[in-house]
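Below is one structure; the comments refer to it alone.
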Amino acid sequence: MGEEIIKLLAIDLGASSGRVMLGTYAGGKVEVEEIRRFPNGPVEADGQLYWDVQQLFHEMKQGILEAVKSRGPLQSISVDTWGVDYGFLDAEGELLYSPHHYRDQRMEGIALALETALPPEEQFRLTGNQSSPINTVYQLFADLQANPELRGKASQLLMMPDLFNYMFSGTAVAEQTIWSTSGLLNPDSSAPASEVLRRLELPVELVPRLVPAGTVIGELRPGLQEELGSGPLKVIAGASHDTASAVASIPYGLGGFSSPAGSAAFISCGTWSLAGLETAEPVLSAEAAAYGFTNESCFGGTNRLLKNITGLWLLQETQRGWAEAGEPLSHQEAAELAEGLDRSTARIAVLDPNDPLFSTPGDMPLRIESYCIRTGQPVPQSRAEIIRTILESLAQSYASTIRELETLTGSPVSCIHMVGGGIQNKLLCQLTADATGKEIIAGPVEASAIGNVLVQLTALGAIEASEARTIVARSSAPVRYQPALSIIHSDQGGQ
Numbered sequence: 121m122g123e124e125i126i127k128l129l130a131i132d133l134g135a136s137s138g139r140v141m142l143g144t145y146a147g148g149k150v151e152v153e154e155i156r157r158f159p160n161g162p163v164e165a166d167g168q169l170y171w172d173v174q175q176l177f178h179e180m181k182q183g184i185l186e187a188v189k190s191r192g193p194l195q196s197i198s199v200d201t202w203g204v205d206y207g208f209l210d211a212e213g214e215l216l217y218s219p220h221h222y223r224d225q226r227m228e229g230i231a232l233a234l235e236t237a238l239p240p241e242e243q244f245r246l247t248g249n250q251s252s253p254i255n256t257v258y259q260l261f262a263d264l265q266a267n268p269e270l271r272g273k274a275s276q277l278l279m280m281p282d283l284f285n286y287m288f289s290g291t292a293v294a295e296q297t298i299w300s301t302s303g304l305l306n307p308d309s310s311a312p313a314s315e316v317l318r319r320l321e322l323p324v325e326l327v328p329r330l331v332p333a334g335t336v337i338g339e340l341r342p343g344l345q346e347e348l349g350s351g352p353l354k355v356i357a358g359a360s361h362d363t364a365s366a367v368a369s370i371p372y373g374l375g376g377f378s379s380p381a382g383s384a385a386f387i388s389c390g391t392w393s394l395a396g397l398e399t400a401e402p403v404l405s406a407e408a409a410a411y412g413f414t415n416e417s418c419f420g421g422t423n424r425l426l427k428n429i430t431g432l433w434l435l436q437e438t439q440r441g442w443a444e445a446g447e448p449l450s451h452q453e454a455a456e457l458a459e460g461l462d463r464s465t466a467r468i469a470v471l472d473p474n475d476p477l478f479s480t481p482g483d484m485p486l487r488i489e490s491y492c493i494r495t496g497q498p499v500p501q502s503r504a505e506i507i508r509t510i511l512e513s514l515a516q517s518y519a520s521t522i523r524e525l526e527t528l529t530g531s532p533v534s535c536i537h538m539v540g541g542g543i544q545n546k547l548l549c550q551l552t553a554d555a556t557g558k559e560i561i562a563g564p565v566e567a568s569a570i571g572n573v574l575v576q577l578t579a580l581g582a583i584e585a586s587e588a589r590t591i592v593a594r595s596s597a598p599v600r601y602q603p604a605l606s607i608i609h610s611d612q613g614g615q
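What follows is the structure, given as C-alpha cells:
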C-alpha cells in the first residue's frame with residue numbers, strides 16, 4: 121500500500137495580492153504550488169477605502185474550483201490574511217457593509233480622541249498591543265463615532281480571515297493569532313480585554329468564541345460543495361494572521377537553517393515588514409512600549425514580540441505611480457537599477473518608513489522629496505536613486521529594531537531569519553546583513569502559505585505540532601547572506 125498523500129489549500133491573502141496555494145504533504149516533506157493568483161487592493165466609494173469582499177471571495181472560489189478539477193481530492197482549506205481589518209455581522213449573520221481598508225482616511229484625527237479615553241500606555245498594559253492609528257481598536261472607535269447605531273446593529277465582529285472562513289463554513293469564531301493584532305484581547309490572547317470594550321461601550325459578546333490556531337471549525341457549506349464540486353472539505357481556523365503563519369514556518373536551528381547559539385530574530389517581508397523575536401510570554405515592560413513593540417500570538421501558544429515596519433509598500437506604491445505615468449518597472453528591473461547604481465556619486469537618503477507621510481496611497485517619489493527637504497538630506501532624483509533609498513532605509517529600520525530587541529532582552533541576536541516574498545529582492549537581504557552586522561538566513565519565500573499548510577496538517581492530525589519546523593527544514597534550503605563591509609551608515613539623518 122502506497123504512502124498517503126495529503127492535499128489541501130492554503131488561501132494566503134496579502135494587502136496587495138492573494139493566492140490560492142495547493143499544499144501537498146508526502147514522504148515527510150511539504151510542497152506548495154500556486155493554483156491561482158489575483159490582485160488585491162482597496163476600492164473607493166464615497167471618498168472611503170474598502171475591501172471588495174465579494175470579489176475576493178469569488179477569486180478564492182475560482183481557485184478552489186481550479187484545484188479540485190486539476191489536482192484531485194482535497195481535505196481542507198484555511199485562510200490567512202493581514203491583521204487589523206474586520207467586518208460586522210448583523211443578528212441574521214449577514215455582513216453589514218464591506219470592511220474598511222486600514223489606510224482609509226476616516227482615521228485622520230481619530231487617534232487623539234481615542235487616546236483621551238484609552239491612553240497608549242493603558243492600551244499596552246491591557247492588551248500588550250502597541251497603539252497605532254491602523255489598529256482595530258482605533259478603526260472600531262472611528263466607526264462608532266461615525267455610526268453610533270452600530271452598537272445596536274452589529275451582532276459580531278469578525279477579523280478578515282475569520283470572515284472568509286465564516287463565508288466558507290457558516291461558523292463564526294475568533295482565531296487567536298489574528299485577534300491578537302486587534303487591541304481587543306488581553307496580553308496572552310486568552311480572553312477579550314473587557315476593560316477596553318467597556319470604554320468603547322461595546323458588549324463582550326461582540327467577540328465570537330475564541331479558538332486557538334489549528335481548530336477545525338466545520339465543513340464547506342453544502343451549497344458551496346455543490347458549486348465547487350469539492351465534497352465536504354474541512355474549514356480550518358489556522359494561524360490566520362499571515363505573520364503568525366510565516367513564523368510557524370521558520371525552522372530555527374534545524375538542518376540547513378542551523379545558526380549559532382543565541383536568540384534568532386525574524387523579519388517577515390512583504391507590503392509590511394514585521395521584525396521580532398519569539399518569546400515564551402508577552403513582554404509588557406515600559407521599555408518595550410517606549411520602543412514601539414507589540415505582542416502577538418503564535419501557533420502553539422508562544423508570543424511574538426515584534427515591531428510593525430512599513431515595508432515594501434513604499435516601493436510598491438512608487439512602482440504603481442510610475443506604471444500609471446506610462447513608465448512601468450518590473451520587480452526585476454527595479455532590483456537591477458538599484459544594484460547597478462554607483463553609490464559613490466548617488467543621492468541617497470535615509471527615510472523613516474513609518475513616517476505618517478508614507479502611510480496612504482499617493483505620489484511616493486514626491487513624498488520622498490518632501491521628506492528629504494524636511495530632514496535636510498539629498499533628494500534622490502533618478503529611479504535608481506529612489507529605489508536604492510527605499511531599500512537602504514528599510515535595512516536601516518530593520519537594524520534599528522534588532523538593536524532595540526537586543527537591549528530589551530539583554531542578549532545578542534545571533535542571526536536573522538528573513539521570510540516572505542520580499543526576500544526575493546536579494547539586494548534588500550544583503551543590505552540588511554550589512555546594516556545589522558548579522559548573518560541573514562533567507563527562506564522560505566512562501567512562508568505564510570507553508571505555515572498555513574503546516575497548521576492545517578496539525579489540525580487534521582497528520583503531523584504533531586512539534587514536527588512542523590523539522591518538515592520545513594527537510595523540504596527546503598535557505599539562502600545565506602553574510603555582512604560585508606557596510607556601506608550604510610547608521611548615523612545618517614532622518615531616523
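Each residue of the sequence shown is one higher than the one before, starting from 121 at the first, in the working numbering. Here a beta-carbon is modelled for each residue, glycine too, at the ideal position from N, C-alpha and C.
If I measure Cβ to Cβ from ILE583 and keep anything under 8 Å in the same chain, skipping five residues before and after, which residues do I get? By 1-based counting over the sequence shown, the position of residue 583 is 463. Around ILE583: TYR145, LEU574, LEU577 and ILE591.
Residue span of the alpha helix (DSSP H) that contains VAL188, given as start and end: If you number the sequence shown from 1, residue 188 lands on position 68. Its alpha helix (DSSP H) spans residues 173-191.
Once the 5 residues before and after ALA579 are set aside, which same chain residues still bring their CB inside 6 Å of it? As a position in the sequence shown, residue 579 is number 459, starting the count at 1. So the list reads GLY334, VAL336 and ILE356, once near-sequence residues are dropped.
Taking only the alpha-carbon atoms, compute the straight-line gap between ALA274 and LEU216 and give it to the nearest angstrom. The residue you call residue 274 lines up with position 154 of the sequence shown. The residue you call residue 216 lines up with position 96 of the sequence shown. Near 8 Å, if we compare the C-alpha coordinates of LEU216 and ALA274.
How close, in whole Å, do the beta carbons of ASP282 and SER360 come, if the pair is a contact with beta carbons under 8 Å? Position 162 of the sequence shown holds residue 282. Position 240 of the sequence shown holds residue 360. ASP282 to SER360, Cβ: 7 Å. Contact.
Mapping the DSSP letters down to three states, classify SER302 as helix, strand or coil. Translated into positions along the sequence shown, residue 302 becomes position 182. Coil at SER302, not helix or strand.
Contact check, LEU185 vs LEU260, beta carbons under 8 Å: The residue given as residue 185 occupies position 65 in the sequence shown. The residue given as residue 260 occupies position 140 in the sequence shown. In this structure, LEU260 does not lie closer than 8 Å to LEU185 by Cβ.
Consult DSSP for GLU584 and reduce its assignment to one of helix, strand or coil. In the sequence shown, the residue the question calls residue 584 occupies position 464. Here GLU584 sits in coil by DSSP.
Could you tell me if GLU416 is buried or exposed, where buried requires 16 or more neighbouring beta carbons within 10 angstroms of its beta carbon? Reading the sequence shown from its first residue, position 296 is the one you call residue 416. With 16 or more other Cβ atoms within 10 Å, it is buried.
Using 8 Å as the Cβ pair cut-off and three pairs as the minimum, do the stretch 222-231 and the stretch 477-486 touch? yes
Assuming SER136 contacts TYR170 (C-beta within less than 8 Å), just tell me the rounded distance between them. Counting from 1 along the sequence shown, the entry for residue 136 is found at position 16. Counting from 1 along the sequence shown, the entry for residue 170 is found at position 50. Not confirmed; about 16 Å, so no contact.
Below 8 Å CB to CB, which residues in the same chain sit around ILE468 once its five sequence neighbours on both sides are set aside? Start at 1 with the first residue of the sequence shown, and residue 468 comes out as number 348. Answer for ILE468: PRO498, PRO500, GLU505, ARG508, THR509 and GLU512, listed in chain order.
Considering only the alpha carbon of each residue, which of LEU547, PRO323 and VAL599 lies closest to PRO564? Start at 1 with the first residue of the sequence shown, and residue 564 comes out as number 444. For PRO564, the nearest C-alpha among the options comes from VAL599.
C-beta neighbour in chain C for VAL599, strict 8 Å: The structure shown contains no chain C; it is built from a single protein chain.
Give me, in chain order, the residues of the same chain whose beta-carbon lies closer than 6 Å to that of SER302; leave out the 5 immediate sequence neighbours on both sides. In the sequence shown, counting from the first residue as 1, residue 302 sits at position 182. Taken in chain order, the residues that qualify are THR256.
Considering only C-alpha positions, which residue in the set GLU489, GLU154 and ARG594 is nearest to ALA187? Within the sequence shown, the letter at position 67 stands for residue 187. The candidate whose alpha carbon is nearest that of ALA187 is GLU154.
Just the Cα atoms here: how many angstroms apart are PRO603 and LEU129? What you label residue 603 is simply residue 483 of the sequence shown in a count that begins at 1. What you label residue 129 is simply residue 9 of the sequence shown in a count that begins at 1. If I take the Cα positions, the gap works out to 37 Å.
With contact counted as at least three CB pairs below 8 Å, one residue from each stretch, are the stretch 526-535 and the stretch 430-449 in contact? no
Sort out for me which residues DSSP pairs PHE208 with in a bridge. Translated into positions along the sequence shown, residue 208 becomes position 88. PHE208 is bridged to LEU277.
Per the DSSP calculation, ALA130 is bridged to which residue(s)? As a first step, residue 130 must be located in the sequence shown, where it is residue number 10. Note: ALA130 sits in a beta bridge opposite MET141 and SER198.
Who are the near neighbours of PRO239 in its chain, counting only those whose CB is closer than 6 Å to its CB and skipping five residues on each side? As a working note, residue 239 is residue 119 in the sequence shown. No residues qualify anywhere along the chain.
State whether the stretch 549-568 contacts the stretch 413-428, with contact taken as three or more CB pairs (one from each stretch) at a distance under 8 Å. no
Write down every uninterrupted run of the alpha helix (DSSP H) in the stretch 309-356 whose length is 4 residues or greater and which is fully enclosed by it, in chain order. 314-319 and 342-348
What is the DSSP secondary structure of ILE570, counted as helix, strand or coil? In the sequence shown, the residue the question calls residue 570 occupies position 450. Note: ILE570 maps to helix in three-state DSSP.
Mark VAL150 as exposed unless 16 or more other C-beta atoms lie within 10 angstroms of its C-beta, in which case mark it buried. Position 30 of the sequence shown, counting from 1, holds the residue named residue 150. VAL150 should be labelled buried.
Run through DSSP, which three-state label would ARG226 get? Position 106 of the sequence shown, counted from the first residue, corresponds to residue 226. Three-state DSSP puts ARG226 in a helix.
Start-to-end residues for the beta strand (DSSP E) that takes in ALA165: The count along the sequence shown starts at 1 and reaches residue 165 at position 45. Looking at the DSSP string, the run of the beta strand (DSSP E) that includes ALA165 is 163-165.
As a quick exercise: from VAL204, LEU426 and ILE387, pick the residue whose alpha carbon is nearest that of GLU515. Translated into the one-based positions of the sequence shown, residue 515 becomes position 395. The sequence shown places Ala at residue 515, rather than the Glu named in the question. The option with the nearest alpha carbon to ALA515 is ILE387.
Nearest neighbour of ALA458, chosen from SER517, ASN474, GLY396 and ASN545 [CA to CA]: As a working note, residue 458 is residue 338 in the sequence shown. Nearest option by C-alpha distance: ASN545.
ASN285 in three-state terms, based on DSSP: Counted from its first residue, the sequence shown places residue 285 at position 165. Helix.
In the structure shown, what three-state DSSP assignment does ARG424 receive? Along the sequence shown, one-based indexing puts residue 424 at 304. Three-state result, ARG424: strand.
Whose CA, out of ASN423, ALA443 and ILE560, lies closest to the CA of ASN306? Within the sequence shown, residue 306 is the residue found at index 186, counting from 1. If we check each option's Cα against that of ASN306, ASN423 comes out closest.
Whose C-beta lies closer than 8 Å to the C-beta of ALA409 among residues of the same chain, with five residues either side of it excluded? Position 289 of the sequence shown, counting from 1, holds the residue named residue 409. The answer, listed in chain order, is PRO240, GLU241, PHE244 and GLN250.
Which residue wins for smallest C-alpha separation from TYR601, given the options LEU374, ALA585, GLY290 and GLU559? In the sequence shown, counting from the first residue as 1, residue 601 sits at position 481. With distances taken between Cα atoms, TYR601 lies closest to GLU559.
CB contact flag (ILE488, LEU353, <8 Å): For the purposes of this step, residue 488 is taken as the residue at position 368 of the sequence shown. For the purposes of this step, residue 353 is taken as the residue at position 233 of the sequence shown. No.
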